[in-house]
Structure formats: C-alpha cells, structure tokens
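Quick note on numbering that gives the first Met the number 0: the sequence shown kicks off at 0 and runs consecutively.
Ideal Cβ positions, reconstructed from N, Cα and C, are used throughout, including at glycine.
The structure presented is a predicted model; accordingly, all values stated were derived computationally and were not measured.
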Amino acid sequence: MTGVPVREGPTGPADTFGADGVVNTQVDDMEFASARRDLAGWQGLAWRAAASAFVLWHMWILLVQPVDPTVSRAVHVFLGAALGFALFAPRASDQPGRRVAWYDWLLMIPCLLVPMHYILDADGIEMRSFMGPNWQDLAAGAVGILIVLEFARRTAGLVMPMIAVVFIAYCFVGPWMPGILFHRGVEWQAAVVELFGNNGVLGTIVQVSASFIILFVTFAAFLQASKAGDYFNDLALALVGRARGGPAKVTVVSGILFGTISGSAVANVVASGAFTIPMMRRVGYDRETAAAVEATSSTGGQITPPVMGAGAFIMAEVLGIPYTEIALAGLIPALLFYIANYIHCDLNARKAGIRGLTREELPRWVDIARRTYMAAPLVLLIFVLLSGYSPFRAAAIGIAATIAIMLGTALVHRMGLQGQSLPGAVIGAIAETLAAIERALTGSAKEVMQLIAVCAAAGIVAGVIGLTGVGGRFATMLLDIAGTSSFLAMVFAMVVAIILGMGVPTTAAYAIAAAVVAPGLIRIGVEGLVAHMFIFYFAILSAITPPVALASFAAASMSGGDMWRTSVVAVKLGLATFIVPYMFWLSPALLAQGELSVILQAFATATGGVWLLACSTEGWMLNGRLTMPLRLAAAAAGLMLMVPEVFTDIAGLAIGTALVLWQRRAFPVEKPA
C-alpha cells in the first residue's frame, strides 16, 4: 500500500502504473517544461556537489553570516540558473542525455559573470543607482534579463516568460496604447536598470525566494528523505481509509498533512497521485473524479498554514506584517476548503455506493503509533513559529530535528533488526544519514530551480508595473467599476487574478496577481490583508480552473481521464473556496479578525453553508437525491450561512433544517432486519 511499481525511463522513473493499468506520467513530464538530464560520471558528481553547496550557502548566510542583500539575490538567481541549465535540456522533446551540452556550458559563463559583477563592485553599483549606470551595469542587466527568461522557459514553460516579455514590450509601446494603458514611454537604459535592479529581478520577490522559500523547500526535502511523506500517507489511511469512499478521503487528509510544505500544486499531485489515484480507481471512482479529488486536495495545500505554499512569505514581506498573522488568517478558509472536499467525497461515495478499504488493506494503528516521531519536525516547526521565532530559525530547527530522526532511525534499525554491534551501527548510521542529507540537499536544489526562475520573472513584471505606473491606472479603473458596484469590482479582480495565474506555478501566480490587482483593491477601500488574501486564493485556484488548469491536467494525465471534465469536477470540489474570499471581504471574521465569539460563529455557520453547497452541487443529501428546486434551495441556504451576518445565518439555518427534515422523511434510513 505504500507505492506502485515503477518503470525506469531514460532519465529515471518515467511512468507509474496504477492498479487499473493506467500509465501515469511522472513529475518531470508534468511540472517542468523541459526534460531533466540524468547527469552521470564526473558531471553528475560535480552537479550534486555544486547543488549541495548552493543550498548550504543559503543556510549559512541566512542563519550564521549575512551578506549584502543584492549580492545574495544575484548569486541566488544566477548560480541557480547555471545549475538549472546543467539539469534541464532546452526542449521537452529533446533526449536529455546524461551529459551537459556544449551550448549550456557557454550559457553558464554569463550566469557566473553577472553575480561576479555585483560581488566585485557592490559599492559602485549602489553609488551609480543615484548617478546613472555605466556600460557594465547595462550589460549585466540586459544579459541577466535574457538569462531569466530562458531559465523560466526551461523550468516553467512559455507562459511565464511570455507574460514577462509582454510587460517588457509595454515599456516601449506605451505611447501608442489606448486609454488607461497609455504612458509616455521609457528609455531602454532606464528600463534595463529598473527591471533588473532592486525593483525588478533582484527585488522583493527574489528576496523572499532567496530566504524563506529555499529554506522551506529544503525542509520539505529533508522530510521526504526521512520518509515522513510515507508516514503521513499511512496516517491518513488509518484515519479515514475504512470510511465510505475512503481512498478519496485519504487524499483529502494527506493534502492537509503534507501539501502545505511544497510550493507547487503540480508537484503535490504527482508526488501523492501515484499512490492515491490508483487506490481511488480500485474502489470505484471514475477517472475524472479520482483525478479531480487529487488535484483539488493538492491545490488546497498551497493555501493551508503553516507554510501556505511559500506564498505567505511573499505576502508578509509585501504587507510588512508578521508571518504568523498571515498563517492564522489563512486557517479558517483552509479548513473550509478541506471540509468541502471531504463532504464532496462522502456525497459522491453515497451516490455511487463506493465502499471504503478493508481492514487488511490498511496500516495497523500499532505501526502508526510506533512511527509517531516522524511527525515531530512538522509539529516542532509549527510550535517554534507560534513561539515567536523567525521562520528562518523555525525551518532550521525543523531540519535539525529531521536529521536527528534519520540518524536515530538508522541506528535503531541497524542495532535492533540487523544485530550490528554499537560501533559498527554508529558508523553505518552516520554514513546512511550523510547520504540521506546529500539526497535532501540535491533534491531541494532540484525543486527550487523552478521557483527561483518564476520569482525572478515575476520580478520583471513587478518592475514594469512600477516603472510605467500601470498599477495606478488599473487601480483607477477598479475605482470606476466600484463606483457602479463594489461587488463587480471584486468579481473583476477575481477574474484578473485567475487569468494571470493560469499556466503559472502557484507562488509566481500570487506574486504577479498581487503586483497588478492588490493596489487597486486597496485604493477602493479593501483592507490590505483582505485584499492580498483575496488575490492569493484566486491566483492559487487558477491551478484547477479551466482553460489552463495545471494541477487538474497533471492529475488527469495520471488517471487517464479527460482533462476538461477533470477541471470541471475540480472546480465543483473547490467551489467553497471560490466563495469564501467574498465572505471575508464582507466580514473579516473568516480571517480570524475580531472577537473570538464572532469568529467561532462565522466558522460554524460557514461550515454548515459548505455542507449545503456541497449537497446542492452533488444533488444528494443524506440518503437520497435532491430535486432541482431543492438543490436551488440548498444552494441559497448555504450562501446565507456563509455570509457572516446574524439575519442571513438565521434564514439559512431555517431553510437548511427544513431541507434535512424533508430528506429524512422522503428517504428514511433503512433499519436492519
């Protein structure tokens, strides 16, 4: 139950085979635009050593000896790009091979020269920011922007660099643009300096990537190396595996437990989908529903505290408020998201008569209890964060705890199961742990490549917005719409956030949408945290929203289902989260803002509303189907309960109670003979 057979491809595991015989595409084909090289020989050793040093250097400057921020950002982006050009072939259709191509060696030269310019002349660059750039600054900026675009294309596909190119072009075509898009134009020298400097590529978004994101990706890699992911899957199986539609509910629970750590919904899909999708298919879920449950659950991890897919760190930096405040604000909406998912899975199982897993198919609770220590790093991380320590320290403590667990587990295994003597067990356990640390470091370097690239490209977008002033004009347009209807202004902001996030990894989706939409929402009177949370949720939900739904498409490819139908089912499963942002816009109680009694009331009634909405969309309540008039009544009652107002709560509760009584009478529970 802990895995499925794997067929080796040219670059490692290529496909997995589900229990129903469906071939499931591996993460390299879904998450990244280009094929990863499987470097061998001295090049493989050199890459692993460089990747490990890259991650360790970040940990050193963040935890021990800080360096100039601009230098650290330049090294972060361009040494990351050099590693990325070695690891990723130029095209997905290429045979990636086991060696770095000659042209990628050439590409690495400017990747090294750009940060060297900042290392050797940091003071001069800072002084020239007031006096004007020299030719070296312009050359570094122009070449750096081109490197970022190619780096993003290889790791994240064409969408992200195309967005950046459109924004770059806008700097120069502004004088010919109509209406609010008009601006007087920008000199190319000013554009290069602004788009590459501390307001662009080397700006706030990359600063977050070079600090919070890389540390937490590293923490996630150490958790995976310690087999914590397997433990969380087994724990979810033990908790809900026997329930009606158990495998789908396991997917939901495992999304809560582990999905928050990763910065990518697609990576979550492929990491857990190889295990959960065949399991759902085996008990009777159709291909599209199984894929949609996995896609939605994996996407929900991006909005779930404590890490919230790394987007919360960008939000904290932009808003200038404590990270813990953002994590607390995200708690209730995330709970509502997963409650809705769980309810949909239950109702779908009721309709289809889908059983749970048998006792023999589940892990034993005694084995789960013996491995409780595997959850210690995540629990410790949350405790340290809530205790007021910086996220840097919290991640470092979590990594240290994970290493201790790996070492202790290896030592006990060698002494207890293999019967080795103490000296031999200690030496073997240390060697085994060092190998696991090396795998975690190189694994984190691999996973952070895409995040570095898309954050740098998002910095270009942010630089254009600041340079041209288009953000202010967009805010004016939102003000005009809000003059007619504030609700229409919020709907417009939602559509823009979803569109900007389509085809873009989740962290960058929020960064781009926040740069474009947030100033406008704040101008129309929306409080800063509410505005950013509103954008954050819809940017993340673009991963399951047609027409470009990366998480849904990845899951559908694994299940063999139709991509479009999978996306539609995923939207239905995530319907509550499409509504919740409007609810906390009307009242911040759902963001844990205000009196505790008001917050608890809002959460309780919203939970009832989520249940009624799920019943309406599934067309099922309790033991029988809902007719169309009753479905409409359930939807209306659900929406009333989700609005955090006393009168709407009373009305929704009355309608909901009447519906329950009607269903109980129409479809009574059959008593056993």
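Assigned exposure category for residue i - 16 Cβ within 10 Å defines buried
{"i": "Asp136", "result": "buried"}
{"i": "Asn133", "result": "exposed"}
{"i": "Asp479", "result": "exposed"}
{"i": "Thr606", "result": "buried"}
{"i": "Phe129", "result": "exposed"}
{"i": "Thr303", "result": "buried"}
{"i": "Pro587", "result": "buried"}
{"i": "Met107", "result": "buried"}
{"i": "Gly156", "result": "buried"}
{"i": "Met489", "result": "buried"}
{"i": "Pro246", "result": "buried"}
{"i": "Thr626", "result": "exposed"}
{"i": "Asn347", "result": "buried"}
{"i": "Ser386", "result": "exposed"}
{"i": "Gly319", "result": "exposed"}
{"i": "Asp233", "result": "buried"}
For residue j and residue i, the rounded distance between their alpha carbons
{"i": "Met414", "j": "Ile426", "result": "11 Å"}
{"i": "Ala273", "j": "Met557", "result": "7 Å"}
{"i": "Leu540", "j": "Gly329", "result": "15 Å"}
{"i": "Gly706", "j": "Met161", "result": "Outside the modelled stretch of the chain, which goes from 0 to 672, sits residue 706, for which no answer is possible."}
{"i": "Ile124", "j": "His182", "result": "28 Å"}
{"i": "Arg522", "j": "Ala474", "result": "6 Å"}
{"i": "Val185", "j": "Val570", "result": "41 Å"}
{"i": "Phe486", "j": "Ile429", "result": "60 Å"}
{"i": "Tyr284", "j": "Gly560", "result": "11 Å"}
{"i": "Leu105", "j": "Met307", "result": "37 Å"}
{"i": "Glu359", "j": "Val453", "result": "45 Å"}
{"i": "Arg286", "j": "Lys350", "result": "16 Å"}
{"i": "Val645", "j": "Ala603", "result": "12 Å"}
{"i": "Gly593", "j": "Pro643", "result": "12 Å"}
{"i": "Val207", "j": "Asp67", "result": "15 Å"}
{"i": "Leu406", "j": "Thr565", "result": "42 Å"}
{"i": "Met279", "j": "Ala333", "result": "23 Å"}
{"i": "Ser420", "j": "Val411", "result": "11 Å"}
{"i": "Ile402", "j": "Ile436", "result": "8 Å"}
{"i": "Pro504", "j": "Val495", "result": "16 Å"}
{"i": "Ala85", "j": "Val74", "result": "16 Å"}
{"i": "Trp175", "j": "Arg472", "result": "16 Å"}
{"i": "Phe87", "j": "Met159", "result": "17 Å"}
{"i": "Tyr102", "j": "Gln42", "result": "15 Å"}
{"i": "Ala290", "j": "Ala601", "result": "32 Å"}
{"i": "Asn197", "j": "Asp120", "result": "15 Å"}
{"i": "Ala542", "j": "Val579", "result": "17 Å"}
{"i": "Phe391", "j": "Val63", "result": "11 Å"}
{"i": "Val659", "j": "Met641", "result": "18 Å"}
{"i": "Val568", "j": "Thr288", "result": "7 Å"}
{"i": "Val26", "j": "Ala266", "result": "Reliability fails at Val26, whose pLDDT of 41 lies under 50, so the model's placement of it is uncertain and the value that follows must be treated cautiously. Answer to the nearest angstrom: the Cα atoms are 7 Å apart."}
{"i": "Ala553", "j": "Gly423", "result": "45 Å"}
{"i": "Ala733", "j": "Leu631", "result": "Here the chain has residues from 0 to 672 only, and residue 733 is not among them."}
Integer Cβ distance of residue i from residue j, believed to fall under 8 Å
{"i": "Ala492", "j": "Leu520", "result": "6 Å"}
{"i": "Pro440", "j": "Ser51", "result": "At residue 440 the sequence reads Leu, which differs from the Pro that was named. 4 Å between Cβ atoms; contact."}
{"i": "Ser443", "j": "Val239", "result": "With 8 Å as the limit, Ser443 and Val239 do not qualify as a contact, their Cβ atoms being about 30 Å apart."}
{"i": "Gly651", "j": "Ser615", "result": "Actually they are not in contact, since the Cβ atoms of Gly651 and Ser615 sit about 12 Å apart, beyond 8 Å."}
{"i": "Ala514", "j": "Ile464", "result": "5 Å"}
{"i": "Leu528", "j": "Leu450", "result": "Actually they do not touch by this definition, with Cβ atoms about 24 Å apart."}
{"i": "Ile398", "j": "Phe218", "result": "5 Å"}
{"i": "Tyr536", "j": "Ala374", "result": "Actually they are not in contact, since the Cβ atoms of Tyr536 and Ala374 sit about 27 Å apart, beyond 8 Å."}
Interface flag, residue i vs chain D, CB-CB below 9 Å
{"i": "Met493", "result": "Protein chain content of the structure displayed is limited to a single chain, and chain D is not contained in it."}
Distance cut-off 8 Å: residue i Cβ against heavy atoms of the ligand ATP
{"i": "Leu377", "result": "For the structure depicted, the ligand ATP is absent and the ligand set is empty, with no information on it obtainable."}
Segments assigned alpha helix (DSSP H), at least 4 residues, entirely inside the segment 355 to 383: Counting whole runs of 4 or more residues, the segment 355 to 383 contains the alpha helix (DSSP H) stretches 364 to 369.
Within the segment 160 to 231, ranges of the beta strand (DSSP E) (whole runs, at least 3 residues): Taken in chain order, the complete beta strand (DSSP E) segments of 3 or more residues contained in the segment 160 to 231 number zero; there are none.
Contiguous alpha helix (DSSP H) assignments of at least 4 residues, all confined to the segment 605 to 654: Every unbroken stretch of the alpha helix (DSSP H) spanning 4 or more residues and falling wholly within the segment 605 to 654 is given here in chain order: 627 to 641.
Inter-stretch contact (C-beta, 8 Å, three-pair minimum) for the segment 358 to 369 and the segment 603 to 620: Fewer than three Cβ pairs drawn from the segment 358 to 369 and the segment 603 to 620 lie within less than 8 Å of each other, which leaves the two stretches out of contact.
Entirely enclosed alpha helix (DSSP H) segments - the segment 261 to 294, minimum 4 residues: Runs of the alpha helix (DSSP H) inside the segment 261 to 294: 264 to 282.
Any alpha helix (DSSP H) of 4 or more consecutive residues that is wholly inside the segment 112 to 154: Within the segment 112 to 154, the alpha helix (DSSP H) runs of at least 4 residues that lie entirely inside it are, in chain order, 121 to 130.
Contact between the segment 322 to 340 and the segment 293 to 302 (3+ Cβ pairs under 8 Å): The answer is yes - the segment 293 to 302 touches the segment 322 to 340, with three or more Cβ pairs under 8 Å.
At least 3 beta-carbon pairs within less than 8 Å: the segment 582 to 589 vs the segment 546 to 560: Touching, no, given that fewer than three Cβ pairs across the two stretches are closer than 8 Å.
Minimum length 4: unbroken alpha helix (DSSP H) runs contained in the segment 400 to 472: With a minimum length of 4 residues, the continuous alpha helix (DSSP H) runs that stay inside the segment 400 to 472 are 421 to 467.
At least 3 beta-carbon pairs within less than 8 Å: the segment 48 to 65 vs the segment 188 to 197: Segments in contact, no.
Segment contact, 8 Å Cβ cut-off, at least three pairs: the segment 154 to 169 with the segment 217 to 224: Counting C-beta pairs with one atom in each stretch, the segment 154 to 169 and the segment 217 to 224 have fewer than three that are closer than 8 Å, which means they do not touch.
Uninterrupted alpha helix (DSSP H) stretches inside the segment 524 to 571 (no shorter than 4 residues): Here the runs fully enclosed are 527 to 540 and 549 to 558.
Complete runs of the alpha helix (DSSP H) confined to the segment 326 to 353 [at least 4 residues]: Complete alpha helix (DSSP H) runs here, min 4: 330 to 351.
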